[in-house]
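I have placed the structure first, in the form of structure tokens, so that the comments after it can refer back to it.
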Amino acid sequence: MSVAVETHLLPTYPETKIGFVEGDGVWLTGTDGRRYLDFAAGIAVVSLGHRHPAPLAAAHAQLDRLWHASNLYASEPAAELAAILSDRFGGAQAFFCNSGTEANEAALKYARKATGKAGVLALEGSFHGRTLGALAVTGQPSKRAAFEPLGPARFATPNHIPSLYEAAGDDIGLVLLEPVLGEGGVVPLEPGFIAAAATLAEELGALLAFDEVQTGVGRTGTFFAWEQIGVKPQLVTLAKGLANGLPIGCLLVSDDAPRGFVLGDHGSTFGGNPVSCAAAAAVCRTVDDELLASVRENGARLLSGLAALPAVSEARGAGLLVGAVLDRPAQQVVDAALEAGLVCLTAGPDVLRLAPPLVVDSDDIDNALAILTEVTA
Ligand SMILES: *Cc1c(COP(=O)(O)O)cnc(C)c1O
Numbered sequence: 018m019s020v021a022v023e024t025h026l027l028p029t030y031p032e033t034k035i036g037f038v039e040g041d042g043v044w045l046t047g048t049d050g051r052r053y054l055d056f057a058a059g060i061a062v063v064s065l066g067h068r069h070p071a072p073l074a075a076a077h078a079q080l081d082r083l084w085h086a087s088n089l090y091a092s093e094p095a096a097e098l099a100a101i102l103s104d105r106f107g108g109a110q111a112f113f114c115n116s117g118t119e120a121n122e123a124a125l126k127y128a129r130k131a132t133g134k135a136g137v138l139a140l141e142g143s144f145h146g147r148t149l150g151a152l153a154v155t156g157q158p159s160k161r162a163a164f165e166p167l168g169p170a171r172f173a174t175p176n177h178i179p180s181l182y183e184a185a186g187d188d189i190g191l192v193l194l195e196p197v198l199g200e201g202g203v204v205p206l207e208p209g210f211i212a213a214a215a216t217l218a219e220e221l222g223a224l225l226a227f228d229e230v231q232t233g234v235g236r237t238g239t240f241f242a243w244e245q246i247g248v249k250p251q252l253v254t255l256a257k258g259l260a261n262g263l264p265i266g267c268l269l270v271s272d273d274a275p276r277g278f279v280l281g282d283h284g285s286t287f288g289g290n291p292v293s294c295a296a297a298a299a300v301c302r303t304v305d306d307e308l309l310a311s312v313r314e315n316g317a318r319l320l321s322g323l324a325a326l327p328a329v330s331e332a333r334g335a336g337l338l339v340g341a342v343l344d345r346p347a348q349q350v351v352d353a354a355l356e357a358g359l360v361c362l363t364a365g366p367d368v369l370r371l372a373p374p375l376v377v378d379s380d381d382i383d384n385a386l387a388i389l390t391e392v393t394a
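Letter by letter, the sequence shown follows residues 18 to 394 of the numbering used here.
Laid out in structure tokens, this is it:
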């Protein structure tokens with residue numbers, strides 16, 4: 018990657034020495050010509066691995082037919098994807114956009130419209146995106162501070178039920194949770210806490226939304242993370258893993274939820290892009306019971322391998338979204354692992370986050386664990 022390109026980008030991301038030029042399954046090829054085992058998957062995005070044949074063929078076919086005609090006209094790929102997601106959810110309608118933050122913006126607007134209430138109850142340490150609405154409900158002072166004042170939100174403490182009641186109020190129209198806090202340290206919410214949040218939402222006349230931007234589309238070992246929790250939300254947002262790397266976001270509204278949007282209430286020029294939707298439909302068809310079983314199995318292998326490392330005080334997560342609490346800065350381990358040929362992520366200062374493509378096998382897991390053992394020794 019030439020230096021000239023980088024200097025023309027706004028400095029919102031740290032400078033990196035390495036770039037990637039090609040991907041194949043769970044492998045990336047770097048600008049240095051080396052191969053890297055990819056346990057980041059483009060931040061839990063490339064869910065089926067690089068150049069997986071199913072979304073690749075679907076996207077190619079759609080690229081050769083039609084790229085864009087806008088939401089003013091019927092679109093087969095968007096209609097088909099909405100039908101697949103409705104079926105997986107058990108009855109829902111979809112709004113398509115282009116990212117996770119946009120999906121959450123849609124949820125915020127939907128809840129405000131449906132309930133007439135502007136307040137949102139979210140969690141400390143949560144991450145819902147970078148646009149102003151989604152940022153307002155993100156419980157991380159480091160990301161919010163420079164942009165205050167933000168909209169009305171109140172924050173409870175993850176897995177602490179009394180704090181839900183302390184944050185509650187009549188103005189709350191939306192209770193928004195990540196089933197596993199992703200960016201906030203890979204913290205799974207306990208079923209009892211989620212059940213209490215659902216009960217509270219009902220008492221308040223608020224909608225219950227799960228931000229499954231990171232946990233959705235098989236990442237945790239079920240298509241939606243909520244399937245393992247036993248609480249079905251009224252709203253679900255999806256994005257990261259949905260189209261295997263093409264931009265897409267989605268708000269799903271349960272058929273049981275109060276009606277919100279009417280004609281003209283929301284929109285997106287690029288939302289529902291035919292190429293992204295065709296790829297996403299192929300992804301959804303590929304995330305079948307067999308793949309989900311292997312996600313659970315390989316996730317358990319990764320979790321127990323990490324827990325056994327002396328540098329790791331706790332390993333937690335669900336399926337192939339796994340966090341390891343380290344005795345040293347996580348960035349240090351991410352840098353050393355990259356040097357040793359393994360791409361991984363952080364989730365906060367001392368949590369190593371691993372989110373490999375869902376198609377990893379046990380040898381890939383063992384390879385990654387061997388590298389992590391070496392670099393944390
Ligand atoms: C990444 C993420 C978002 C934001 O998605 P963008 O596509 O970056 O806007 C929102 N919520 C969760 C849970 C995420 O992990």
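Virtual Cβ for every residue (Gly too), placed ideally from N, Cα, C.
Three or more Cβ pairs closer than 8 Å define a contact, and the region 256 to 264 meets that threshold against the region 280 to 293. Within the same chain, and ignoring the five residues on either side of A324 in sequence, the residues whose Cβ sits closer than 7 Å to its Cβ are A332. Excluding residues up to 5 positions away in sequence, M18, I35, G36, F37 and V38 lie with their Cβ nearer than 8 Å to the Cβ of T48 in the same chain. Beyond the five residues adjoining it in sequence on each side, A213 comes within less than 7 Å, by CB distance, of I178 and L181 in the same chain, given in chain order.
Across the structure, P166 and L193 are spaced so that their CA atoms are roughly 20 Å apart. Within 10 angstroms of the beta-carbon of Y30 lie fewer than 16 other beta-carbons, which makes it exposed. In its chain, beyond the 5 residues on either side, C294, A297 and A298 have a beta carbon closer than 6 Å to the beta carbon of L98. Residue range P208 to L221 is occupied by the alpha helix (DSSP H) that includes A214.
Remark: the C-beta of E122 is outside contact range of ligand 1, defined as less than 7 Å to any heavy atom.
Counting C-beta atoms within 10 angstroms of its own C-beta, P158 has fewer than 16 neighbours from the protein chains shown and is therefore classed as exposed. Ranked by Cα distance from A78, the first of P94, L89, H67 and Y90 is P94.
Taking the Cα of R171 as reference, the smallest distance to any Cα among T303, D188 and G238 is reached at D188.
Taking the Cβ of V230 as the reference point, at least one heavy atom of ligand 1 falls within a distance shorter than 7 Å. For E314, the closest alpha carbon among the candidates L359, A335 and V329 is that of A335. Counting C-beta pairs with one atom in each stretch, the region 120 to 130 and the region 142 to 157 have three or more that are closer than 8 Å, which means they touch. For the options E220, A218, A185 and T232, the alpha carbon positioned closest to that of L206 is the one of T232.
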